[in-house]
Structure formats: C-alpha cells, structure tokens
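Residue 76 in the working numbering sits at position 67 of the sequence shown, with consecutive numbering throughout. Here the structure comes first, spelled out in structure tokens, and everything after it is commentary.
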Amino acid sequence: MARKYLVETFGCQMNAHDGERIAGLLEADGFQPTGRETDADLIVINTCSVRERAEDKLYTRLGEIRAAGVETGRRPMVAVTGCVAQQEGEKLLKRDPSIDVIVGTQALKQLPGLVHAAEENSVPRVDVRPYDDVSFPMGIAKSSDPSRAWVSIIEGCNEFCSFCVVPYTRGHERMRPVADILAEVRRAADTGRVEIQLLGQIVNHYQAPDDPGCDFAGLLERVSDVEGIRRIRFTSPHPRHATDRLIAAMRDLSKVCKHFHLPIQSGSNAVLKAMRRRYTREEYLQLVARLREEVPGISLSTDMIVGFPGETEGDFEDTMDLVRQAQYSFMYSFKYSPRPNTLAIKRMADDVLESDKTRRIMALQALQARIQLALFQSQVGRVVEVLVESKSRRRDHELAGRTDGWILVNFAGPAEWVGRFMSVRISGAAPNSLRGEVVEGPYAH
Ligand code: SF4
10 MARKYLVETF GCQMNAHDGE RIAGLLEADG FQPTGRETDA DLIVINTCSV
60 RERAEDKLYT RLGEIRAAGV ETGRRPMVAV TGCVAQQEGE KLLKRDPSID
110 VIVGTQALKQ LPGLVHAAEE NSVPRVDVRP YDDVSFPMGI AKSSDPSRAW
160 VSIIEGCNEF CSFCVVPYTR GHERMRPVAD ILAEVRRAAD TGRVEIQLLG
210 QIVNHYQAPD DPGCDFAGLL ERVSDVEGIR RIRFTSPHPR HATDRLIAAM
260 RDLSKVCKHF HLPIQSGSNA VLKAMRRRYT REEYLQLVAR LREEVPGISL
310 STDMIVGFPG ETEGDFEDTM DLVRQAQYSF MYSFKYSPRP NTLAIKRMAD
360 DVLESDKTRR IMALQALQAR IQLALFQSQV GRVVEVLVES KSRRRDHELA
410 GRTDGWILVN FAGPAEWVGR FMSVRISGAA PNSLRGEVVE GPYAH
C-alpha cells in the first residue's frame with residue numbers, strides 16, 4: 010500500500026508554492042496525499058521564519074505531533090523544510106531529536122532521497138547547502154487550484170533590509186530563464202489555468218538570464234501573449250524597482266491585473282533609512298500618484314511594520330499620515346520582532362515598548378479599516394468581473410471570487426462556477442470583502 014504524506018505550510022506565497030513542489034516531489038516518489046495527520050506516514054512542516062510568531066508555530070506543531078504519537082503509539086516520520094530549516098539546520102535536532110529530515114530552501118529536490126536515507130538507517134538527515142539551482146522538473150508541482158498557477162521567476166534577495174531574514178534563509182537573488190518560465194505558463198494554460206501569479210522576493214527586479222532584452226515588463230508582455238491566460242498577477246514587488254516600463258505595462262496590458270502590492274513598511278523617512286529601504290516617503294507617494302494617474306482604478310496594498318527600533322510617536326504619526334494619503338485597499342501590518350542574523354538584531358536595540366507597539370498597531374489597523382470600508386462602499390452599484398475561486402467558507406450555496414483589484418466578492422451561485430468568470434453587481438460592503446449579485450456569466454474562456 011502506498012505511503013501517505015501531509016504537508017503543512019506556513020508563511021508567504023513563495024512558501025505555499027514550495028509546498029506544492031514538495032507535494033509533487035513526494036507523489037513522484039510514490040507517496041499519496043492525505044488530509045489526516047493520523048493517516049500520515051510522513052509529515053512535512055514547511056516553515057516560515059519571517060516573524061517570531063511564525064517560527065514558534067514549528068515548535069508548537071512538533072510538540073503536538075510528538076504528543077499524538079505517544080497517545081496513538083504510531084509515529085510518522087517528520088521532515089522540516091523552509092526558512093526555519095535553512096536558518097537553524099542541525100541545531101533543530103538538538104531542540105527536537107524526533108525530527109527525521111531537515112531540508113533547506115535550496116535543497117528541496119533532495120527531500121525524497123533524504124526521507125529514504127533517514128528511514129533506512131534510522132539516522133536524521135540534514136541538507137541545507139546552497140545549491141544555487143533554480144530549475145525544477147516541469148509539471149511536478151501539485152496545485153489544487155483549478156484556475157490559478159503560481160510561477161516562480163526569482164529566488165532569493167540581495168536587498169538586505171535591516172529587519173528581514175529572507176536574504177539569509179533564501180540566499181542571494183537568482184533568476185529563472187525566461188524560456189523555462191514561459192514553458193511553465195504554457196503548461197498551466199494547457200491544464201486549464203486562466204490566471205498566472207508570478208512569484209519572487211523582488212519580483213519586479215526580474216532580468217532574464219537567457220535574454221538581455223527581457224526585463225520584468227518584457228516578461229509581462231510575453232506572458233500576456235500566452236493563449237488561454239486571462240489574468241496576470243505578481244508578488245512581491247519592491248517600490249524602488251517600479252520602473253516606467255512596468256507602469257506602462259500595467260497600463261497597457263489588459264491581462265495584467267490592476268492591483269499593485271507596494272510594501273512600504275513605514276511612513277517615516279528616519280525609519281525607512283534605518284530599515285535600509287532606499288526610498289523616501291516622498292518618492293513613494295510620487296509613485297502612488299503616478300500609478301493612480303496612469304492606471305485609473307488601480308487597487309494598492311502594502312505591508313507595514315510598527316515599533317521598529319527607534320520609532321518615535323512622530324515617526325508613527327508619519328506612518329498614519331501616509332496611510333491616509335495612499336488609500337490602500339488592504340494592508341498587512343505587523344509588530345516588529347527581531348529576527349536572527351539581521352542588521353537590526355545586531356546593531357539596534359528593540360527599544361519600543363511592547364505596550365506602545367500594541368497601541369500603535371491597533372490605531373493603524375483601525376485607520377486602515379475605516380479607509381478600506383469607505384473604499385469598498387464606493388464600489389456599491391458597480392458591475393465588476395470576478396474570477397470564482399472557491400465555495401464560500403462561511404455560507405453554503407455561496408461562492409467567493411476576486412476582482413481584478415484582488416478584492417474578495419461573495420455572491421450566491423453553484424459550485425460548478427468555481428474557476429469561471431462572472432459579471433457581478435456589487436450590492437454591499439463588509440470590512441474585508443464585498444457582496445454581490447450575478448449579472449451575467451459564467452463566461453466561456
Ligand atoms: S526586499 Fe527587503 S523585505 Fe523584501 S525580501 Fe528582500 S530583504 Fe526582505
């Protein structure tokens with residue numbers, strides 16, 4: 010009987026895509042998926058270390074798996090992959106000797122071989138070497154999404170923002186050949202996917218290693234030319250690489266969704282400098298103004314950190330002011346926590362009181378909630394095109410889809426419409442989503 014695996018992924022979309030790749034590698038090796046921990050012969054915990062809380066989830070899960078094993082007398086093999094695996098390597102075994110395999114972010118393809126080796130010799134296996142290899146067997150990643158495919162275009166990052174662990178866990182920036190990317194996009198289209206999400210730590214820094222004339226805007230043009238693809242998204246860009254060519258591509262290419270995730274992290278120039286972001290709030294706001302002018306109706310979102318070392322009340326007020334000006338459709342906001350190896354942990358004291366961090370993040374989130382609700386209410390009465398993603402999590406007989414601007418819309422409809430495009434009239438606004446009624450559809454695509 011085939012052995013069963015379960016992959017649990019934490020963190021960003023890059024990591025979620027790695028989870029799809031892990032699933033594909035294990036299935037190619039004869040494993041079958043299971044959704045139940047009690048059935049699994051192998052549990053892979055695909056970790057994130059970008060924030061302390063995300064890292065803690067690994068230790069919580071390892072404890073739970075150990076406790077379940079004591080209760081049932083059945084112990085599955087445990088593999089740890091992702092950023093914590095890369096960051097901690099063998100040290101993880103000291104903390105939890107029940108781990109069987111540790112695989113770093115660049116060693117993913119070694120996973121099946123390491124699982125076999127650990128099983129045969131009952132000795133834990135660790136591989137966190139920097140392979141520098143961005144190739145991956147075509148068509149192996151396992152996605153359960155019928156309409157969207159993630160396609161990695163860049164791995165690693167060279168920016169070294171002072172708060173960020175990514176350059177240490179994902180390595181230096183490595184670009185995939187444009188020929189490989191387009192082959193993967195065509196394959197996605199051939200298997201019925203209508204939306205492509207291009208992935209990279211700084212996705213808009215792309216420069217094809219196999220074609221000097223192909224930058225990120227050029228890549229968007231080429232992906233647009235692929236028949237069958239209706240929507241193109243990308244994450245996560247860096248504001249300082251938002252070139253004129255990219256803005257023009259967003260304006261002119263109808264398949265490129267009119268949503269730009271533009272992480273700013275702080276609205277204070279002093280904090281931005283300490284973070285090593287290499288842009289000012291003024292430059293950022295100019296970029297926002299240009300995007301709004303060139304791409305009417307564009308939806309903007311951002312990432313924000315509060316309580317970075319040295320952040321004063323005045324700095325925080327600058328952040329609040331910037332948020333009022335930028336008018337984001339949504340925001341991911343976090344309290345600063347020091348991460349291993351970073352410049353901030355080495356050189357800066359984590360000197361903002363926890364109580365101040367909490368107060369600031371609550372004020373920021375309350376402001377964003379007001380802005381967001383007003384933006385969503387302004388959509389009421391409009392007819393928008395929605396790609397149906399899934400059945401609604403909360404209500405039976407309801408579906409959830411996304412607008413071009415990445416805003417969630419819930420409306421009544423049958424499950425057969427998942428993966429199809431609909432015209433929906435917006436009838437109401439909730440804090441994090443819109444409600445709508447079908448006007449037309451589903452369309453053939
Ligand atoms: S750009 Fe900065 S925040 Fe983004 S992954 Fe690179 S180092 Fe981290």
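Ideal Cβ positions, reconstructed from N, Cα and C, are used throughout, including at glycine.
Within the model, the alpha-carbon separation for L208 versus Q274 is close to 20 Å. Partner residues in the beta bridge of V53, as assigned by DSSP, are V16 and A88.
In the structure shown, D48 adopts helical secondary structure according to DSSP, grouped into three states. Looking only at D27, S152 and G227, the smallest Cα-Cα distance to R196 is reached by S152.
Within the model, the alpha-carbon separation for T81 versus E129 is close to 23 Å. Distance from the CA of V427 to the CA of N350, rounded to the nearest whole angstrom, comes to 44 Å. At the C-beta level, P318 and D253 stay beyond 7 Å of one another. Positions of the alpha helix (DSSP H) runs, each at least 4 residues long and wholly inside the region 91-139, are given as 92-97, 100-104 and 120-130 in order along the chain.
Under the rule that a run must span 3 or more residues, the beta strand (DSSP E) segments found entirely inside the region 266-310 read 268-270.
Taken atom to atom, the span from the alpha-carbon of S401 to that of G390 is near 22 Å.
Counting only unbroken stretches of 3 or more residues, the beta strand (DSSP E) elements lying wholly within the region 131-211 are 134-136, 157-161 and 204-208, in sequence order.
Inclusion of D312 and P272 in the CB contact set at 7 Å is warranted, their separation being smaller than that value.
Residue pairing by DSSP places I314 opposite F343 in a beta bridge. For the 7 Å CB-CB criterion, E204 and R157 form a contact. In the three-state reduction of the DSSP assignment, F225 falls in the helix class, which pools H, G and I. Judged by DSSP in its simplified three-state form, L417 adopts strand. For E168, the distance from the CB to the nearest heavy atom of ligand 1 is below 6 Å. Contact annotation, E29 with A150: C-beta distance approximately 4 Å; criterion of less than 8 Å satisfied. Per the coordinates, the alpha-carbon of C166 lies some 10 Å from the alpha-carbon of H214. In the DSSP assignment, K400 is bridged to L408. Per DSSP, the beta bridge partners of M431 are V395.
In this structure, C21 has its CB at a distance of at least 6 Å from all heavy atoms of ligand 1.
In terms of side-chain proximity, the C-beta atom of C57 is found no nearer than 6 Å to any non-hydrogen atom of ligand 1. Contact between the region 94-112 and the region 160-180 is established, with three or more Cβ pairs separated by less than 8 Å. For C173, the Cβ falls inside the 6 Å cut-off from some heavy atom of ligand 1. Looking from the CA of I211, the closest CA among R286, P246 and G237 belongs to P246. In summary, R286 is buried, with 16 or more beta-carbon neighbours lying within 10 Å of its beta-carbon over all protein chains present. In this structure, P176 has its beta carbon less than 6 Å from a heavy atom of ligand 1. By the criterion of a C-beta distance shorter than 7 Å, F343 is surrounded in its chain by R60 and I314, once the five residues flanking it on both sides are discounted.
Taking the Cβ atoms as the reference, R70 lies roughly 13 Å from G78, outside the contact range of under 8 Å. By the neighbour-count criterion, in which a residue is buried when 16 or more other Cβ atoms sit within 10 angstroms of its Cβ, Q115 is buried. Rounded to whole angstroms, the Cβ separation of D27 and G91 is 7 Å, and the two are in contact under 8 Å. With distances taken between CA atoms, C57 lies nearest to A25 out of A257, A25 and T47. Counting every other CB atom within 10 Å of its CB across the protein chains shown gives K366 a total of 16 or more, marking it as buried.
Looking at the backbone, the Cα of V137 and that of L102 are separated by about 13 Å.
Residues of the same chain with a CB within less than 7 Å of the CB of A251, apart from the 5 flanking positions on each side, are N213 and L296 in chain order.
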